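Numbering (my numbering), first residue to last: 995 to 1252.
Have a look at the structure below, then the notes.
This is the structure we're talking about:
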């Protein structure tokens, strides 16, 4: 079994290798003696395959083993290739520019999610980097200083799902102020705080062209489609104890549902 995970420093990518009956362990690259600085359960080991990429957020792995890493900030997407077959990705190309947090390979395209848009590049078999210009699939997505990063998922039926985080802690106006109640109903939910569904093959869509698939969520930094369902990892509200110290403790902030 072979999977790719980002190191906690967000500057290194490590491949975690599990020895199992279905894999010939002798054919796998040798792991680092310190597992790339990772602490792993028994039966797993790891090696550093690429370093100093920037702030890596999401990763897509091609069928031929090439890796595509979405880089937050100004990095675009790092396309990596292991030319020697030793587990160290020594060839690097940069695709696009600007903060990129979602990335996926689907039906011959590389999809990339940015704070306000989703684009795709036509890939060519045997080439690490696309040669053509990106095609804009969705533009005008809500973005603010907080929770603007976008990720993507596909249901296999032609639909693209995009998270649109709420630029707020808990719909307070003004935000993050002591004893300020959240707006109810929260007007931000009209354009944020949920997941929107689009046509994965239709260029030039705006957020208003999509369907609000789910709502009432603050920020969803990871979403994926599996077995007929959309699974979500969510960041919920902060500061319950510091904004309402008369009513809540540190333990409440950590343990109470948002």
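No residue lacks a Cβ here, since even glycine has one placed at the ideal position from N, Cα and C.
For clarity, every value in this text was computed on a predicted model and none was experimentally measured.
Distance from the CA atom of residue 1041 to the CA atom of residue 1064, rounded to whole angstroms, is 20 Å. If you look at residue 1045, you'll find it in the beta strand (DSSP E) that goes 1038-1045.
In this structure, residue 1073 keeps its C-beta atom at 9 Å or more from the C-beta atom of residue 1145. Secondary-structure assignment with DSSP links residue 1200 through a beta bridge to 1133. According to DSSP, residue pairing for residue 1193 in a beta bridge involves 1153. Rounded to the nearest angstrom, the gap between the Cα atoms of residue 1086 and residue 1125 is 15 Å. Going by DSSP, residue 1247 is part of the alpha helix (DSSP H) stretching over 1244-1249. Per the C-alpha coordinates, the member of 1024, 1034 and 1122 positioned closest to residue 1071 is 1122. Take the alpha-carbon of residue 1187 and the one of residue 1214: they are about 9 Å apart. Residue 1022 places its beta carbon 9 Å or farther from that of residue 1054. Taken through DSSP and simplified to helix, strand or coil, residue 1236 comes out as helix.
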